[in-house]
Amino acid sequence: MSDEFDSIEYTLPRGPISYDTACRVLEVYRKGGRLSAKGVKKVLREHYKMLKEMPNICEMEVPSGGALIVVGDLHGQITDLLHILEQGGLPSEKNRYIFNGDFVDRGEMGLEICSILMAFQCALGPENVMLNRGNHEEYTICQVYGFQNEVKRKYDDLTFSMFVEVFRYLPISTIVEGQVIVLHGGLFHRDGVTLEDLKRLPRIDYVPKPSEVPIDYTQLEDPEERELWFLSELNRDALWSDPVRDDIREPNPRGAGVVFGPSVTREFLTNNDLRMVVRSHECVREGFDLPFDDDDMGILATVFSASNYGNSANNGAFMRFTKGKRPANSLLAGSAEVASSPTNPLWYTVTSYSTQEEAGIEGLMAANETNLREMVLRKKGELMSAFQEASADGEGVTLAQWEEIMTSVTGLMISWATLKTHLVPEPALKDDGNTIIYETFLDCFHSLLTQAVATQEGSSAMMDALYANRQRLEAIFRWFDVDGNGQISREEFNQGCELINERLPDSMKLTGIDHIRTLIDFDDSDGIDLNEFFEAFRMVDAADGQVDGVIGIAGGQR
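Okay, so the sequence shown: first residue is 1 according to the UniProt record's numbering, each after it adds one.
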């Protein structure tokens with residue numbers, strides 16, 4: 001590649017977006033560059049023209065001698081996309097891709113991911129690259145959960161509006177070889193749904209929730225209105241529903257769609273002459289999951305491609321479909337009955353990976369240490385005064401005094417002694433190891449702040465909005481989410497708050513826990529997902545450190 005990628009901005013060449021141009025867009029982002037505003041808008045305009053001609057349900061074939069790769073949620077984590085394209089190969093006529101929605105929100109590079117994927121689809125056509133719609137490719141969701149702020153920060157309001165308009169036209173699902181349906185969420189609120197129904201969905205008019213008051217559309221007298229409500233509900237189901245092992249069909253705790261079991265899946269597949277459902281939408285530990293048991297094991301799969309999502313130490317994964325001779329370590333698309341006498345078999349292999357270094361409790365510790373350093377910077381003046389007042393020689397304080405002052409000034413009721421090795425540099429310790437030279441201790445944090453300003457990160461990036469400290473908030477969410485299902489239940493929230501209260505003095509204990517939970521539970525689903533948790537703390541002013549004091553408790557063990 002030439003030195004053009006080292007420039008501040010890359011402008012797309014004139015004319016249609018070619019394969020070479022798409023590869024250049026990928027390389028620009030791989031090297032940390034950016035597209036010009038005109039370049040991004042050109043990609044959006046070209047992609048929009050293509051999408052307007054596409055149906056709700058698209059069809060793709062697995063190329064002879066090649067493969068078709070299905071990628072799940074990426075959520076702005078471009079490192080995972082780059083890894084997939086390196087391991088799976090670039091899109092081409094022999095190496096086709098379906099990207100199954102939720103390209104944006106939560107991660108920092110949803111715009112870049114969309115630009116890459118849209119450019120490749122423009123260059124190769126929908127027969128080789130397909131982008132299905134996810135529940136986050138929708139205005140009311142992505143304006144709240146990160147993507148709007150990302151686009152406005154990098155470009156402007158007009159660019160965000162263009163993305164939202166393009167999202168409206170993304171197809172709902174893709175059928176592979178007439179056997180496998182790939183869609184973001186899952187199946188439907190009633191039996192008898194056909195592919196013909198899905199082809200009639202008003203996808204450009206989709207809304208996540210139709211009204212505050214639930215409506216039984218089957219009781220509507222006007223047949224056209226009844227039909228419109230039915231199709232709109234199918235649209236929400238396709239983007240929001242989740243599978244469960246139990247043989248049920250119930251309203252989804254997420255607030256849209258349903259949870260459904262193997263019988264619902266079998267009925268849909270049989271009625272539509274299909275063999276398998278591939279969906280995404282849920283973070284699963286290995287990035288891939290077959291949630292049903294026994295003979296139903298092969299009829300539905302979940303693939304999720306954002307590794308270490310929310311600091312939860314999960315793997316990402318992608319599926320690679322082939323046809324013809326069976327590859328090593330491959331699975332057959334379909335049920336055990338199909339496997340007994342397969343005709344036109346479709347095979348798939350799963351590649352699982354992790355591109356993230358920090359995970360689990362290590363990630364939580366790292367995030368908390370970062371936040372503690374920010375807290376010390378905010379409280380430096382108060383800490384200096386308290387240390388000077390407590391010091392017998394005007395130079396140092398004992399370890400016990402240091403712990404007491406750190407607790408009283410920051411409001412963090414944590415075991416400071418265990419953090420001494422992480423927070424107190426060696427030059428700030430006297431030879432006895434139990435006396436801290438407080439001026440040296442505080443100066444090390446001043447140096448950290450000076451370095452941040454010098455590198456143009458600025459003090460605000462280190463000290464201001466709790467919203468900016470995403471890793472830490474996501475780690476705390478996982479601490480509450482004991483069963484790891486991506487939802488904090490009423491019981492988990494109450495238990496977590498009780499554990500926090502055990503570490504707090506009476507004057508700081510959390511009260512009105514049920515009311516707090518209700519405030520965070522924006523969709524009234526009786527569960528708190530990562531989006532709601534994240535948004536709740538975005539709206540809290542943490543500048544005085546009070547919120548940090550309570551949430552910091554969660555860094556301890558359960």
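Virtual Cβ for every residue (Gly too), placed ideally from N, Cα, C.
Close CB contacts of Thr440 within its chain, under the 7 Å cut and outside five residues either way in sequence, are with Pro427, Ala428 (chain order). Cβ-Cβ distances below 6 Å link Val409 to Lys379, Glu382, Leu383, Ala386 in the same chain, with the five nearest sequence neighbours on each side left out; the list follows chain order. Here the stretch 155-168 does not lie against the stretch 122-130, with fewer than 3 beta-carbon pairs under 8 Å apart.
Counting the other Cβ atoms within 10 Å of the Cβ of Thr194 gives fewer than 16, which makes it exposed. In this structure, the beta-carbon distance from Asp80 to Thr355 falls below 9 Å. Secondary structure at Phe188: coil, using DSSP grouped into helix, strand and coil. Going by DSSP, Lys42 is part of the alpha helix (DSSP H) stretching over 37-51. Secondary-structure assignment with DSSP links Val259 through a beta bridge to Asp242, Glu250.
Secondary structure of Ala400 (DSSP, three-state): helix. In this chain, the beta strand (DSSP E) harbouring Thr322 covers 316-323. In this structure, Gln487 and Asp529 form a Cβ contact; the two beta carbons are roughly 6 Å apart against a cut-off of 8 Å. Judged by DSSP in its simplified three-state form, Ser352 adopts strand. Within a 10 Å sphere around the beta-carbon of Gln388 sit fewer than 16 other beta-carbons, which makes this residue exposed.
In the three-state DSSP reduction, Asn95 falls in the strand class (E or B). Using a C-beta cut-off of 8 Å, the stretch 132-144 makes contact with the stretch 160-178, since at least three inter-stretch Cβ pairs fall below that distance.
The DSSP-derived three-state label of Val424 is coil. For Ile113, the enclosing alpha helix (DSSP H) covers residues 110-124. DSSP places Gly381 in the uninterrupted alpha helix (DSSP H) bounded by 380-390. A check of alpha carbon separations from Thr174 across His189, Phe160, Leu131, Ser161 identifies Leu131 as the nearest.
With contacts defined as CB atoms closer than 9 Å, Gly334 and Pro243 fail to qualify as a contacting pair. Beta-carbon to beta-carbon, Phe304 and Val284 are separated by about 5 Å, close enough to satisfy the 8 Å threshold.
If you look at Arg490, you'll find it isn't in any beta strand (DSSP E); it sits in the alpha helix (DSSP H) that goes 490-502. Apart from sequence neighbours up to five positions away, the residues of its chain that approach His281 with a beta-carbon distance below 6 Å are His184, Gly185, ordered along the chain.
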